[in-house]
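Report on one structure; see the data block that follows.
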């Protein structure tokens with residue numbers, strides 16, 4: 001009875017998400033915020049090294065493709081799911 005009254009008075013708490021999902025989303029956002037500048041620096045450094053001949057251009061391409069796959073993963077999954085109608 002008390003829980004029902006409490007939920008009726010504070011509907012935002014009644015519709016709250018699970019703690020695991022909230023914590024996982026917060027962790028993902030923090031990791032993306034930290035890794036975004038590092039990925040930009042990695043692309044710039046590998047590009048400069050490839051330009052000066054210290055690194056193969058294939059490594060530069062691999063760094064760019066890896067960055068796209070890591071940061072664009074959720075979008076790629078949604079494209080594939082939309083393609084197959086899932």
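In full-length UniProt numbering, the protein residues as written are 1 to 86.
We put the beta carbon where it would ideally sit given N, CA and C, even for glycine.
Small disclaimer: the values here were computed from a predicted structure and weren't measured.
Check                                                                                     : Outcome
Exposed unless 16 or more other CB atoms sit within 10 angstroms - verdict on residue 68  : exposed
Status (buried if at least 16 other CB within 10 Å, exposed otherwise) for residue 56     : exposed
Selection from 70, 22, 83 and 81 that minimises the alpha carbon distance to residue 38   : 70
Alpha-carbon spacing of residue 44 relative to residue 73, whole angstroms                : 21 Å
Exposure of residue 41, with buried meaning 16 or more beta-carbon neighbours within 10 Å : exposed
Alpha carbon of residue 66 to alpha carbon of residue 36, nearest angstrom                : 13 Å
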